[in-house]
Amino acid sequence: MKRQPIETYVEQMTLAEKIGQLLQLAVPFFEGAKTEGEITGPMEGLGVSEETVRNTGSVLGLSGAQEAINVQQAHLRKNRLGIPLLIMADIIHGYKTIFPVPLAIGCSWDLKLAERSAEIAAREAAVSGVHVTFAPMADLVRDPRWGRVMEATGEDPFLNGEFARAFVRGFQGKDLQNDTSRVAACVKHFAAYGAAEGGRDYNTVDLSERQLREYYLPAYKAALDEGCEMVMASFNTVDGIPSTGNKRLLRRLLREEWGFGGVIISDWGAVKELIPHGAAADEKEAALRSIEAGIDIEMMTTCYMKHLAELAENGVIEEKLIDEAVLRILQLKQKLGLFDNPYRGADPAREAEIVFCGEHRAVSRELAAKSCVLLKNEGVLPLRRDQSIALIGPFAQSGDILGPWSWHGSTEAAVRLHDGIAAKIGTGRIAVAEGCGIEEASPRQLAAALRAAEGADVIVLALGESSEMSGEAGCRGDIRLPQAQLALIERLAELGKPMAAVLFNGRPLDLHGVADRADAVLEAWFPGSEGGHAIADLLFGDVQPAGRLTMSFPYAAGQIPVYYNSFNTGRPKDAPDAQVRYVSQYLDMPNEPLYPFGYGLSYTAFAYGEPELSSPEMTPDRPLTIKVKVTNTGAVAAEETVQLYVRDLAGDVVRPVKELKDFRKILLQPGEAREVAFALTEPQLRYHHADLTFASDAGDFLVYVGPNSRDAAGLRFSLR
Ligand code: NOJ
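Position one of the sequence shown corresponds to residue 1 (full-length UniProt numbering), numbered consecutively onward.
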């Protein structure tokens, strides 16, 4: 049967039916739905009638193959023109096979594996009936107080862009229409959600246009260049106007300047939130501003449903605006093949077969091991298999290691640290004790922990934040571990035994009281379904730690924001002629973070030779080559991430002290040396000038190659 062209649907639709397409409701509203679905915002008082639900264009949070089929069937029975529902869900770092949180994935610097994780997430979600995922999040983050840093890949615009692309490739594949094991991606939160003042969620963002374009926008753009189908607007203001009602941001920049023709969706309730923001007097004005700005789908409020018809009928907006939004939504449905097969990939039998299968879990284990970052190691790790271990801390046997945004993941099925270690050495030589709760101390638990520790050769401390302590609305003003855990580690340190801390958390922490007391610190983030195995692989040296931080660990919260690609200032502290007092510094703490961007240890050591430049001069048609010899001087084969940074010494506007331009992951056998060569071209030196033109400056530069953003050696060259 030949399908009618999508435009003819629009012609046949009543205004109410069109407006219905612009509404997204959460799953509890739909007939055939059993689960309560994902609730990530207020639900009250929407006032939707049965007729509204019948016309609704998309559903949020629905999954499970049979349920998706039931809901779609019921919907098609009722919807006059038989327009299928678009099923969207937050599949952020896995569906049931949960991968490490995105910030951890960032620390793997492994784009191939990141893509594979998204591909698996898509496979599991698609077979469970999902059509679109609200991912990737491409927000650049510099403030670890913000709970949602765990959803980002870090503080670098270039690396974030590379990861955003990898995730989009993994989710969408090459042919969404025919490859029903993929889902459409929706990049979010446009724009600059990560720059919320004070690291407080939903708070004001106010950036210069240059900051926005130079640092915050590139990763969203990268996702779109990779073909990402949808964009979600952010909750925050951008230059005084909430993104949801921000015509300059959505219509001028995203649609006109970047040519984005796909669907833009609001975040949960964000259209109506124009009112408390103070950008709309009432729901009618909120609807008006949002549709004019370019929001096609209103998520979980009903300003469009209540007011768009009236606005169109009174000529305040042209009905064309509504038609265009509807058309974009129908085009996406068509692209996903829903008009031909409204059930798409949903398949209960296959769902039972592939969701959380061994193959997927193996990838999760591999990625989790690659995402952990060894921050400190003074002779404790790797553990020996003949040592007796006191495994202590609230995360010793906890399944709360999936992290936020893992709706379908099972904490019961997650491999706990104790199970991972026991799988290596059996249970006989492990004494396990909680020591304290995540936030509560108890003398009884402490006493048991001290007893366990006394009899052991080595203490492995499993500490961290509960998953509730980060994620959406999971902001903290004090980013140290909770006091109960700090007290535990203090008491254990008094025993003077070798002690390795494994940290489970969703943000860079202030590690006072941990990094100074433990002999080794392994940052495991929220490692996902296979966490315990992955960490045990690292603890025993069966896998070599290779993660590198993509977000700085502050020395203390007072430094925030602290990020590697900052400006030098006019009075840099480390200048050869720096004064004692009148320099840019804190009196009570260093300027530098405790652990910088790009940093991470290994069980081996890598020696970097003197980097060599092909020429001291670059021209637009003569790129440079930078070579460096890297040698594995240790006793085990391991992966190193060789990083290339650039500094523009005098620009039209000031430039960061270092900017990541490239990196290479190499595997070196013990004693092996490899020459790593990078090409550096003029376009890589371009940036947004004061007048917002994107160009390079002739003049002098430094290029750095090294193991992290702090310890890289610099060479001078000039661009002619
Ligand atoms: C709110 C969050 O900000 C967004 O990231 C998410 O996709 C939506 N809720 C839908 O759950």
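Don't be surprised by glycine CBs; every beta carbon is placed ideally from N, CA and C.
query                                                                                                                           : result
Inter-residue Cα distance where the pair is Gly506 and Pro242                                                                   : 27 angstroms
Integer-rounded CB distance, given that Ser58 should sit under 8 angstroms from Leu85                                           : 6 angstroms
Validate contact between the segment 206-223 and the segment 132-143 using beta carbons, cut 8 angstroms, 3 pairs               : yes
Near the ligand NOJ: residue 764 beta-carbon under 7 angstroms from a heavy atom                                                : Because the chain here runs from 1 to 720, residue 764 falls outside it and cannot be looked at.
Validate contact between the segment 384-399 and the segment 423-438 using beta carbons, cut 8 angstroms, 3 pairs               : yes
Delimiting residues of the alpha helix (DSSP H) encompassing Arg328                                                             : 319-335
Residues of its chain near His689, where Cβ-Cβ distance is below 7 angstroms and the 5 sequence neighbours each way are ignored : Asp652, Val653, Ala695
Cβ contact check for the segment 154-170 and the segment 316-335: 3 or more pairs under 8 angstroms                             : no
Near the ligand NOJ: Ala490 beta-carbon under 7 angstroms from a heavy atom                                                     : According to the sequence provided, residue 490 is Glu. The question's Ala does not apply to it. Glu490 Cβ: outside cutoff for every heavy atom of the ligand NOJ.
CB contact flag (Thr134, Asp90, <8 angstroms)                                                                                   : Position check: residue 134 holds Phe in this sequence, whereas Thr was assumed. Yes, the pair counts as a contact, with Cβ atoms nearer than the cut-off.
Three CB pairs or more closer than 8 angstroms across the segment 353-367 and the segment 565-574                               : no
As assigned by DSSP and simplified to three states, the class of Pro683                                                         : helix
Ile19 classed as buried or exposed, judged by whether at least 16 other C-beta atoms fall within 10 angstroms                   : buried
heavy atom of the ligand NOJ below 7 angstroms from Trp268 C-beta                                                               : yes
Member of Ser602, Lys78, Ile120 whose CA lies at the smallest distance from the CA of Glu359                                    : Ile120
In DSSP terms, what Met137 is bridged to                                                                                        : Lys188
Helix, strand or coil at Met551 according to DSSP, with G and I counted as helix                                                : coil
Alpha-carbon to alpha-carbon, Val132 and Met1                                                                                   : With a pLDDT of 47 at Met1, under the threshold of 50, the predicted position of this residue should be treated as unreliable, though the coordinate-derived value follows. C-alpha separation (whole angstroms): 26 angstroms.
Within 8 angstroms, strictly: CB atoms of Leu391 and Ile438                                                                     : no
Test item: CB-CB of Tyr563 and Glu155 under 8 angstroms                                                                         : yes
Cβ-based neighbour list, Arg365, same chain, cut-off 6 angstroms, excluding 5 preceding and 5 following                         : Glu530, His533, Ala534
8 angstroms contact criterion, which Leu644 and Asp662 should meet: CB distance rounded                                         : 4 angstroms
Length of the line joining the Cα atoms of Gln483 and Leu212                                                                    : 37 angstroms
Under the three-state DSSP convention, the category Met1 falls into                                                             : Because the pLDDT at Met1 is just 47, under 50, the model does not fix this residue reliably, and the value given afterwards should be weighed accordingly. Met1: coil per DSSP, three-state reduction.
The ligand NOJ heavy atom lying under 7 angstroms from the CB of Thr40                                                          : yes
Reduced DSSP category for Lys112 - H, G, I as helix; E, B as strand; rest coil                                                  : helix
Whether Pro596 touches Arg710 by CB criterion (8 angstroms)                                                                     : yes
Exposure of Glu639, with buried meaning 16 or more beta-carbon neighbours within 10 Å                                           : buried
Validate contact between the segment 488-496 and the segment 52-68 using beta carbons, cut 8 angstroms, 3 pairs                 : no
Proximity below 8 angstroms, CB of Gly370 to CB of Ala520                                                                       : This sequence places Lys at residue 370; Gly is not what is there. No. Outside cutoff.
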